[in-house]
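Visitor:
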Amino acid sequence: MRALLNTDHVTVRTETLNAAHIPTLNNIIGQLAAGGKRVIFTAGKGGVGKTTVAAAIALGLAKPGKKVHLTATDPAAHLKFVLDENCGISMSHIDEVKELKKYQSEVLRKARASDISDEDIAYVEEDFRSPCTQEIAIFSAFGKIVEKADNQVVVIDTAPTGHTLHLLESTQSYNHEIQRTKGEIPDSVKKLLPRLKSDKTKVLIVTLPEAPPVYEALRLEDDLKRAGISTQW
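Add 1 to a position in the sequence shown, counting from 1, and you land on the number used in our numbering.
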C-alpha cells in the first residue's frame, strides 16, 4: 500500500528461492538416525507446525525400531488420538502452568532454606514475572524427562528462545534466583545448557513460506548459533 501511494521509485525484487538443495523430511529423519541424535527439538514461530513435524520425526525414527519418546507442550496437541499405541512411541505432555508453579515453589523453598532476607525473597518473586522463568521451568521438566529416557530418542515440540539462551549462557546460574539461593537450583536446570550444546542434540527450525515466520526463524537461528547449538532447517 505504501508503494502505491508513494511517488518515489520503488525497486521490486523478483528473485526466487532455489529450494533444490533443501532436504526432504525423510532425508532429515535419516540424517538424525545416522547421526545418533538423542535429543531433537522443533523450533519456530507459533502455528508453523512444530508439533506436526515433531510427531512425523518421532514416527520416522520409530519405524526402524528405535525407541522414541515424544513430548508436547501444546495442550491442543491430541497426539494420542493420532499415533497408534503400537507405533513404538511413548508420549508425555508438559503442563506449562503446572511446571511453572512447581519450579517457583522449588526455587523459593531453597531460597528460604538459605536464610536470606524477606527483601531478597521479594526480589526472587519479582524475577518470576520474567517470561524466561516459564521457559526455564518447561526445560527443567524436559531435562528430567531426558534423564529418565534410557536408550530413547527424545523429541520435543518446542525450543528455547534467544532470551532464555542468553540467560542460561551469560550466567550459567539463573540470574537473581540462583545468586540469592547460593547456587542451590535443580540439577535439571544446571545441566540444561550443556545438554543443549551436546553433539547428540539437534534443533530443527520449522517455518512457513511467509515473511513473519521466516524472519522469526532467521532470528532464532542466529541466537542458537551464538549459543553454540546445532540447527537445521
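Even for Gly, the Cβ is constructed at its ideal location relative to N, Cα and C.
Which residues mark the beginning and the end of the alpha helix (DSSP H) in which Ser106 is found?
Guide: 97 to 114
Visitor: Could you tell me if the beta carbon of Leu84 falls within a distance shorter than 7 angstroms of some heavy atom in the ligand GDP?
Guide: Within the structure as shown, the ligand GDP is missing, as the structure has no ligands at all.
Visitor: Apply the 10 Å Cβ neighbour rule to Lys183 and answer buried if 16 or more other Cβ atoms are within range, or exposed otherwise.
Guide: For Lys183, the predicted structure reports a pLDDT of 45, less than 50, and the residue's modelled location is therefore unreliable. A value from the coordinates is still provided. Exposed.
Visitor: For the pair the region 92 to 100 and the region 116 to 123, tell me if three or more CB-CB distances fall below 8 angstroms.
Guide: no
Visitor: Cβ atoms of Ala55 and Asp43: under 8 angstroms apart, would you say?
Guide: The residue asked about is misnamed: residue 43 is Thr in this sequence, not Asp. In this structure, Ala55 lies closer than 8 angstroms to Thr43 by Cβ.
Visitor: Please classify Ile23: is it buried, with 16 or more other beta-carbons within 10 angstroms of its beta-carbon, or exposed?
Guide: exposed
Visitor: How many Å lie between His177 and Phe140 at the Cα?
Guide: Reliability fails at His177, whose pLDDT of 47 lies under 50, so the model's placement of it is uncertain and no value is given.
Visitor: Locate the alpha helix (DSSP H) running through Phe240, then write down its first and last residues.
Guide: Past the boundaries of the shown model lies residue 240; the chain is included only from 2 to 234, so the question cannot be answered.
Visitor: Going by DSSP in three states, Leu205 sits in which element: helix, strand or coil?
Guide: The answer is strand: DSSP assigns Leu205 an E or B state.
Visitor: Using C-beta distances below 6 angstroms, list every residue in its chain close to Thr159, excluding the 5 sequence neighbours before and after it, in chain order.
Guide: Thr74
Visitor: Helix, strand or coil: how does DSSP classify Val40 here?
Guide: strand
Visitor: Identify the continuous beta strand (DSSP E) that holds Leu71 and give its terminal residues.
Guide: 69 to 73
Visitor: What residues are listed by DSSP as bridge partners for Thr25?
Guide: Thr25 is not bridged by DSSP to any residue.
Visitor: Distance, Cα to Cα, Leu101 vs Leu109?
Guide: 12 angstroms
Visitor: Among Pro65, Glu222, Lys149, whose alpha-carbon lies nearest the alpha-carbon of Val207?
Guide: Glu222
Visitor: From Glu107 to Asn28, what distance separates their C-alpha atoms?
Guide: 42 angstroms
Visitor: With H, G and I counted as helix, E and B as strand and the rest as coil, what does DSSP make of Ile90?
Guide: strand
Visitor: Is it buried or exposed for Ala123, if we count other Cβ within 10 angstroms and need 16 for buried?
Guide: exposed
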